[in-house]
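Undergrad: Numbering of the sequence shown is given in our numbering, commencing with residue 543 and proceeding in unit increments. For glycine and all other residues, C-beta sits at the position ideal for the given N, C-alpha and C. Would you mind keeping the following structure in view while I ask a few things?
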Amino acid sequence: MTPPAPPEQGVSLDPQDWNAFRAQARRMLEDALDHVEQVASGPVWRAPPAEARARFEQASPAAPAELAETHQRLLTDLLPYSSGNGHPAFMGWVQGAGTPVGMMGELMAAAMNANLGGRDHMPIAVERQIGLWAREWFRFPETSEGLFVTGASMANFMGVLAARTRAVGADVRRSGVAELKRPLTAYVARTAHGCIARAMDMAGLGSTALRLIETDQHHRINLAQLREAIAADRAAGMQPFLVVGTAGTVDVGAVDVLEGLADIALREDLWLHIDGALAALGVLSPAVAPLLAGIERADSIAFDFHKWGQVPYDAGYFLARDGERLRDTFASPAAYLRRDGRGLAGGDFWPCDYGPDLSRGFRALKTWLTFTTLGTDAIGAAIARTCELARMLAREVEARPELELLAPVALNIVCFRHLGADADTLNAEIVAELHESGRAAPSLTTIGGKIAIRAAIVNHRTGPADILNLVEGVLDTARGLARRVA
């Protein structure tokens, strides 16, 4: 009988010529560093051309290509057409700029290719280090636990789930919300981020179970109306279980009165969750931290390192005062997740027990490298500077009779508009023209029924000249549009 043929030697996906690969990799690294170093020298944004888009609509490649060729495609078809949030004139959305240090952390994390779902390896220790820092920054107890997620939208969803578990017990994970004797209700300001309503939807509670509370003249949740809404729901047989405060609203950057929310949550026995996506890291700045008084009393906090922390995307974070509550909410024992006292399957902290993901990237490394290399003092100073620049922009707006400030400036977001004829249409056109010219990139929102130009100053590279450039850009563009009509 003829013995079976041995299996063919597998084809390695590693480089056949490591020296050649190293040389090409160095060229790619230099181009990446050039892009970051020179980001301010070009336009904020370029519209991607149709021919470049078409080259990313091709069939999947069966045959290999030289890395040098694909590198060239990145340089011509991708790098010039990014969203522009690294540019100092990008002020449209609350997005950090990243740093070269963080970029290197991303590279090192990719080299390790660690899965941080669990097991006994040092990347888990790095993530736990960030948790200890967060515990220190927010003055949380030793019982607290935190972990990385994609962003604050996912972290806010986790807050809803943890609050649900606390209110009705872990059995809800098995029986579902349909078995609840009383409908659960939650409370948030009408100006809160839309991901809170989505979280209620995804948790099976329904977005209509989220009570939208009006705001005061400073765009903060109205505490008197909140108390009335809770009382009305209790009287109607509902079960209030969660109140969500916002530290930095998406439109104007307002911070709810967190101490007042904490008092209500304590009195009403509600879980207090803080959506701090924008501003929670303001605790690192002595100038901003007083605005966040009361955040240390929260049951959970959602925030993003990729905003004011300047860590490259993505690096969201969820922190809970009671880590065991997270285990009750997320842990799902399985044979393939068996824990042992020795070997790689050991380790006393498996992040998959505390959140929804089993496969998890090493987001902690770029965060650890950023904060270890730059230090919290420098990051806090950069945070304070963005707020100073926002106040400068507000002064410049108020000094121009053609412009109108539409909301108080609490942190680093300024909402204003041009007062020309048909102002809503005019301001929308101004923003589109600024984007297409590459001069600046603010965004649009609606304040008091009026279309507003919204400048969110998050970038650590932004300076006074960029503020003046935005103001003059708005005025120049309005004059240019008026000439076209005439």
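Helix, strand or coil, according to DSSP, for Trp813 in the structure here?
TA: Along the sequence shown, one-based indexing puts residue 813 at 271. Strand, per DSSP.
Undergrad: Report the option in Tyr855, Trp679, Thr685, Asp817 whose CA atom is closest to the CA atom of Ala796.
TA: On the sequence shown, position 254 is the one that residue 796 refers to. Ala796 has its Cα closest to that of Asp817, out of Tyr855, Trp679, Thr685, Asp817.
Undergrad: Just to confirm before moving on: does the CB-CB distance between Pro984 and Ile995 stay below 7 Å?
TA: By one-based count along the sequence shown, residue 984 stands at place 442. By one-based count along the sequence shown, residue 995 stands at place 453. For Pro984 and Ile995, yes; Cβs fall inside 7 Å.
Undergrad: Should Ala982 and Ala631 be called a contact, given that it needs their Cβ atoms to be closer than 7 Å?
TA: On the sequence shown, residue 982 is found 440 positions in, with the first residue counted as 1. On the sequence shown, residue 631 is found 89 positions in, with the first residue counted as 1. It is a contact, given that the beta carbons lie within the stated cut-off.
Undergrad: Should Met700 be labelled buried (16 or more other beta-carbon atoms within 10 Å of its own) or exposed?
TA: Here residue 700 corresponds to residue number 158 of the sequence shown, with the count starting at 1. By the 10 Å Cβ count, Met700 comes out buried.
Undergrad: At the level of alpha carbons, what is the spacing between Arg708 and Trp813?
TA: Translated into positions along the sequence shown, residue 708 becomes position 166. Translated into positions along the sequence shown, residue 813 becomes position 271. Between Arg708 and Trp813, the C-alpha separation is close to 8 Å.
Undergrad: Are the C-beta atoms of Gln614 and some chain D residue less than 7 Å apart?
TA: The displayed structure is made up of one protein chain only, and chain D is not part of it.
Undergrad: Since Ala840 contacts Phe847 with CB under 8 Å, what's their CB separation in whole angstroms?
TA: Sequence index remark: in the sequence shown, residue 840 carries index 298 (1-based). Sequence index remark: in the sequence shown, residue 847 carries index 305 (1-based). 18 Å between Cβ atoms; not a contact.
Undergrad: Quickly, what does DSSP pair Phe632 with across the bridge? List them, please.
TA: The count along the sequence shown starts at 1 and reaches residue 632 at position 90. Partner(s): Ala983.
Undergrad: Less than 7 Å separating the beta-carbons of Met570 and His629?
TA: For the purposes of this step, residue 570 is taken as the residue at position 28 of the sequence shown. For the purposes of this step, residue 629 is taken as the residue at position 87 of the sequence shown. Not in contact: Met570 and His629 (Cβ atoms no closer than 7 Å).
Undergrad: For Ser842, which beta-bridge partners are listed by DSSP?
TA: On the sequence shown, position 300 is the one that residue 842 refers to. According to DSSP, which records beta bridges pairwise, Ser842 is partnered with His815, Ala862.
Undergrad: Quick one: Cα of Ala728 to Cα of Glu756, how far?
TA: What you label residue 728 is simply residue 186 of the sequence shown in a count that begins at 1. What you label residue 756 is simply residue 214 of the sequence shown in a count that begins at 1. Ala728 and Glu756: Cα-Cα distance of roughly 14 Å.
Undergrad: Please report the straight-line C-alpha distance between Ala979 and Thr912, rounded to a whole angstrom.
TA: Counted from its first residue, the sequence shown places residue 979 at position 437. Counted from its first residue, the sequence shown places residue 912 at position 370. The question names Ala, but residue 979 in the sequence shown is Ser. Roughly 33 Å between the two C-alpha positions.
Undergrad: Can you give the beta carbon distance from Leu907 to Val668, rounded, assuming they're within the 8 Å contact cut?
TA: Your numbering for residue 907 matches position 365 in the sequence shown. Your numbering for residue 668 matches position 126 in the sequence shown. That pair is a contact at about 6 Å.
Undergrad: So, at 6 Å on beta carbons, what are the nonlocal neighbours of Gly638 in its own chain, with the 5 sequence-adjacent residues on each side left out?
TA: For the purposes of this step, residue 638 is taken as residue 96 along the sequence shown, with counting starting at 1. Answer for Gly638: His848, Lys849, Gln852, Val1000, listed in chain order.
Undergrad: Who pairs with Val785 in a beta bridge, going by DSSP?
TA: Reading the sequence shown from its first residue, position 243 is the one you call residue 785. Paired residue(s): Tyr729, Leu814.
Undergrad: On the CB-based measure, 16 or more other CB atoms within 10 Å of its CB, does Ser686 come out buried or exposed?
TA: Taking the first residue of the sequence shown as position 1, residue 686 is located at position 144. It counts as buried.
Undergrad: On the DSSP bridge assignment, give the partners of Cys957 in chain order.
TA: Walking along the sequence shown from the start, residue 957 turns up at place 415. Note: Cys957 sits in a beta bridge opposite Arg996.
Undergrad: Grab me the residues of Gly990's own chain with a C-beta within less than 7 Å of its C-beta, minus the 5 sequence neighbours each way, in chain order.
TA: Numbered from 1 along the sequence shown, position 448 holds the residue referred to as residue 990. For Gly990, where only same-chain residues beyond five positions count, the Cβ hits under 7 Å are Leu948.
Undergrad: Taking the alpha-carbon positions, what's the Ile738 to Ala887 distance?
TA: Position 196 of the sequence shown, counting from 1, holds the residue named residue 738. Position 345 of the sequence shown, counting from 1, holds the residue named residue 887. Rounded to whole angstroms, Ile738 to Ala887 spans 36 Å at the Cα level.
Undergrad: Should Ala562 go down as buried or exposed, given a rule of 16 or more other Cβ atoms within 10 Å for buried?
TA: Position 20 of the sequence shown, counted from the first residue, corresponds to residue 562. By the 10 Å Cβ count, Ala562 comes out exposed.
Undergrad: Look at the Cβ atom of Pro854, then the Cβ atom of Gly644, and state whether they are nearer than 7 Å.
TA: By one-based count along the sequence shown, residue 854 stands at place 312. By one-based count along the sequence shown, residue 644 stands at place 102. A contact, by the Cβ cut-off of 7 Å.
Undergrad: Starting from Glu593, trace the alpha helix (DSSP H) in both directions and tell me its first and last residue.
TA: Translated into the one-based positions of the sequence shown, residue 593 becomes position 51. Taken as a continuous stretch (DSSP letters only), the alpha helix (DSSP H) holding Glu593 covers 592 to 596.
Undergrad: Closest by CA to Pro875, which one among Pro898, Ala862, Tyr859, Leu861?
TA: Within the sequence shown, numbered from 1, the residue matching residue 875 stands at position 333. Ranking Pro898, Ala862, Tyr859, Leu861 by Cα distance to Pro875 puts Pro898 first.
Undergrad: Starting from Ile666, follow the alpha helix (DSSP H) in both directions and report where the run begins and ends.
TA: Locating residue 666 in the sequence shown gives position 124, counting from the first residue. 664 to 679 is the span of the alpha helix (DSSP H), which, as asked, contains Ile666.
Undergrad: Identify which residue in Leu726, Glu801, Gln767, Ser749 has its Cα closest to the Cα of Gly779.
TA: For the purposes of this step, residue 779 is taken as residue 237 along the sequence shown, with counting starting at 1. Of the candidates Leu726, Glu801, Gln767, Ser749, the one whose C-alpha sits nearest the C-alpha of Gly779 is Leu726.
Undergrad: Quick one: what does DSSP say Phe872 is sitting in, helix, strand or coil?
TA: Counting from one through the sequence shown, the residue named residue 872 turns up at place 330. Residue state, collapsed to three classes: helix.
Undergrad: Roughly how far, in whole angstroms, is the beta-carbon of Leu945 from the beta-carbon of Ala932, given that I think they are within contact range, below 8 Å?
TA: In the sequence shown, residue 945 corresponds to position 403, counting from 1. In the sequence shown, residue 932 corresponds to position 390, counting from 1. With a Cβ gap of about 15 Å, Leu945 and Ala932 do not count as contacting.
Undergrad: Between which residues of its own chain and Met654 is the CB-CB distance below 7 Å, once the five residues before and five after are set aside?
TA: Here the question's residue 654 lines up with position 112 in the sequence shown. Pro665, Phe904, listed in sequence order.
Undergrad: Let me know the secondary structure DSSP gives Val487 once reduced to three states.
TA: This structure cannot speak to residue 487, because the chain is shown only from 543 to 1028.
Undergrad: Pull up the distance between the alpha-carbon of Thr692 and that of Ala1024, whole angstroms please.
TA: Counting from one through the sequence shown, the residue named residue 692 turns up at place 150. Counting from one through the sequence shown, the residue named residue 1024 turns up at place 482. Near 44 Å, if we compare the C-alpha coordinates of Ala1024 and Thr692.
Undergrad: Between the alpha carbons of Arg869 and Ala862, how many angstroms are there, rounded?
TA: On the sequence shown, position 327 is the one that residue 869 refers to. On the sequence shown, position 320 is the one that residue 862 refers to. Taking the straight line from one Cα to the other gives about 11 Å.
Undergrad: Measure the alpha-carbon distance for Glu599 versus Ala610 and round it to whole angstroms.
TA: Here residue 599 is taken as the residue at index 57 of the sequence shown, counted from 1. Here residue 610 is taken as the residue at index 68 of the sequence shown, counted from 1. Looking at the two C-alpha atoms, the distance is approximately 21 Å.
Undergrad: Give me, in chain order, the residues of the same chain whose beta-carbon lies closer than 6 Å to that of Leu800; leave out the 5 immediate sequence neighbours on both sides.
TA: Here residue 800 corresponds to residue number 258 of the sequence shown, with the count starting at 1. Closer than 6 Å at the Cβ level, and outside the excluded window around Leu800, lie Gly787, Gly836, Ile837.
Undergrad: Mind checking who Phe690 pairs with in its DSSP beta bridge?
TA: Within the sequence shown, residue 690 is the residue found at index 148, counting from 1. Tyr859, per the DSSP bridge assignment.
Undergrad: Is any heavy atom in the ligand MN found nearer than 6 Å to the beta carbon of Leu916?
TA: Ligands are entirely absent from the displayed structure, and the ligand MN is therefore not among its contents.
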